[in-house]
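**Student:**
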Amino acid sequence: MAVGRGRGPSLTFYGGTDEVGGNKILLHDGDTKVILDFGMSFTLRRQYYSDPFLSPRGEVGLLEFGL
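In my numbering, the protein residues as written are 26 to 92.
1. Tell me the rounded alpha-carbon separation between T37 and E89.
2. According to DSSP, is T68 part of a helix, a strand, or is it coil?
3. Nearest-angstrom Cα distance between V45 and L87?
4. Go to G40, then tell me how far its beta strand (DSSP E) extends in each direction, as first and last residue.
5. Note down the Cα distance separating F63 from I50, rounded to an integer number of angstroms.
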């Protein structure tokens, strides 16, 4: 969903519009683009992880994995 098409800055929403969490917003003004990412989409998380058996790795887990 894009807001402010035409002259001046515009906002495009890539997530979080019909759900709680996972807000991703693109702010575009001229040659400048800034992406704002405010958290995780709970809908997508449930598709790939089933608590309590499977959960995303934390910082320590990623370091142990070698990333």
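Virtual Cβ for every residue (Gly too), placed ideally from N, Cα, C.
Fair warning: this is a prediction, and the values are worked out from it, not measured in the lab.
**Tutor:** A quick look at the data gives this:
1. 37 Å
2. helix
3. 26 Å
4. S35 to G40
5. 9 Å
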